[in-house]
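Undergrad:
Residue numbers (our numbering), protein chains in the order written: chain A, 1 to 270; chain B, 1 to 150.
1. Taking the alpha-carbon positions, what's the residue 218 (chain A) to residue 33 (chain A) distance?
2. Here's the rule: buried if 16 or more other CB atoms are within 10 angstroms of the residue's CB, otherwise exposed. What is residue 211 (chain A)?
3. First and last residue of the beta strand (DSSP E) that includes residue 34 (chain A)?
4. Assign residue 15 (chain A) to buried or exposed, taking buried as 16 or more other Cβ atoms, counted over all protein chains shown, within 10 Å of its Cβ.
5. Going along chain B in order, which residues have a C-beta closer than 7 angstroms to the C-beta of residue 88 (chain A)?
6. Considering Cα atoms alone, identify which of B:132, B:33, B:9 is closest to residue 50 (chain B).
7. For residue 239 (chain A), which of B:29, B:100, B:58, B:94 has the nearest alpha-carbon?
8. Return no unless some Cβ of chain A is closer than 8 angstroms to the Cβ of residue 144 (chain B).
9. Under the three-state reduction of DSSP, which class applies to residue 74 (chain B): helix, strand or coil?
10. To which residues does DSSP link residue 280 (chain A) through a beta bridge?
11. At a CB-CB cut-off below 7 angstroms, which residues of chain A make contact with residue 126 (chain B)?
12. Would you mind working out which of B:126, B:73, B:63 sits nearest residue 170 (chain A), comparing C-alpha positions?
13. Tell whether a beta-carbon distance below 8 angstroms holds between residue 138 (chain B) and residue 187 (chain A).
14. Are the beta-carbon atoms belonging to residue 136 (chain A) and residue 179 (chain A) less than 8 angstroms from one another?
15. Less than 8 angstroms between the C-beta atoms of residue 105 (chain A) and residue 220 (chain A), yes or no?
16. How many whole angstroms separate the CB atoms of residue 117 (chain A) and residue 252 (chain A), which I take to be in contact at a CB cut-off of 8 angstroms?
17. Report the residue from A:176, A:148, A:92 whose alpha carbon sits nearest the alpha carbon of residue 224 (chain A).
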């Protein structure tokens, strides 16, 4: 996340393209799609990712600009983080009251291991599984896995593919599902707000957007909770992976693989 | 240090202008009304980044920015009310649109690798994201219900 490159502001063509995308997408505005009991919210930011990606395949944007855009994501996320903070300050009493929930939901980030790891193993993935499922695989986790196993190891390949998947698909996927889940499941938008602190700025923005748009009367508190959870994840996230996530993934992987091997053996004998 | 600061300010200004325009088109807030708010956010970001440069600990700069913005708006801190009032004119969603537009352009570079990815990776990837998000939401919900907050 430490992409503080200099001279980013000089690339006028890149900024002009983004500016045009902002104007077009805001003019299109927000639209709703009902799917049974649920709603998918199409927000300007969602069209912005897709149009942004499409421009990469036009002569407007080249590879250099695309990699500059990566640092610009970081720079623009800082403004969002500041916005989170100023929403959280006035809500201090509510945050203190919700403190236990905010702290314990951080452990929810480990739930992914319990769900995704067995599926990966049963799909036939080997030790790649460890890299893929120990966390959502952002920059810090990329560094952690490559330090521990090496980036060309199976675990390294796993974390790299999760990183690429998240980069391309994370914001779009969460932007579509967060509103849908909040409209179907009997879970309060405040709880979802706490879950948006995932460890990636663009994914947080994408999952928070539909919540704020769907529950405008609770928007301030939703943003405050999201900001607090985001802050907690940015401070504790990596340590969570080092001390709990990765060791847990290792143990659980061995357990699940053993179970799978025994099952295959049992099936072939019978 | 000074040259870095100028550089950051210029980059942030570009994003700020886009935000103001998006805030106007999408949420009908006049750019002049939202100007003090976006400038306040920029100043907080710049101070946060300077703190990050100066302090020796390995915390991400967004941690400092978030904490600083949080502290200056706690009720009772001098100026807190003004900062809240100004920044409330900057709609959250108008900040997210330029972020995701840049994100869209930046993912172009990884597209070739993404296209090569197998369907297994995509299934596991979606489960990882969903698991993290729902796992946290469920734990938060249980505790908030026990406390009677929701």
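We put the CB at the ideal spot given by N, CA and C, even for glycine.
TA: Considering the structure as presented:
1. Computed Cα separation, rounded: 22 angstroms.
2. Buried, by the Cβ-count rule.
3. Counting along the chain, the unbroken beta strand (DSSP E) around residue 34 (chain A) starts and ends at 31 to 35.
4. Answer is buried; the Cβ neighbour count reaches 16.
5. Simply 70.
6. The option with the nearest alpha carbon to residue 50 (chain B) is B:9.
7. Nearest option by C-alpha distance: B:58.
8. Using a CB distance cut-off of 8 angstroms, residue 144 (chain B) counts as an interface residue toward chain A.
9. In the three-state DSSP reduction, residue 74 (chain B) falls in the coil class, being neither helix nor strand.
10. No answer is possible for residue 280 (chain A): the residues shown for chain A start at 1 and end at 270.
11. Within chain A, the residues near residue 126 (chain B) are 173.
12. Nearest in C-alpha terms to residue 170 (chain A), of all of B:126, B:73, B:63, is B:126.
13. Cβ distance < 8 angstroms, so residue 138 (chain B) and residue 187 (chain A) count as in contact.
14. No, Cβ-Cβ distance for residue 136 (chain A) and residue 179 (chain A) is not below 8 angstroms.
15. No, the pair does not count as a contact, with Cβ atoms beyond the cut-off.
16. About 6 angstroms; that satisfies the 8 angstroms criterion.
17. Looking only at A:176, A:148, A:92, the smallest Cα-Cα distance to residue 224 (chain A) is reached by A:92.
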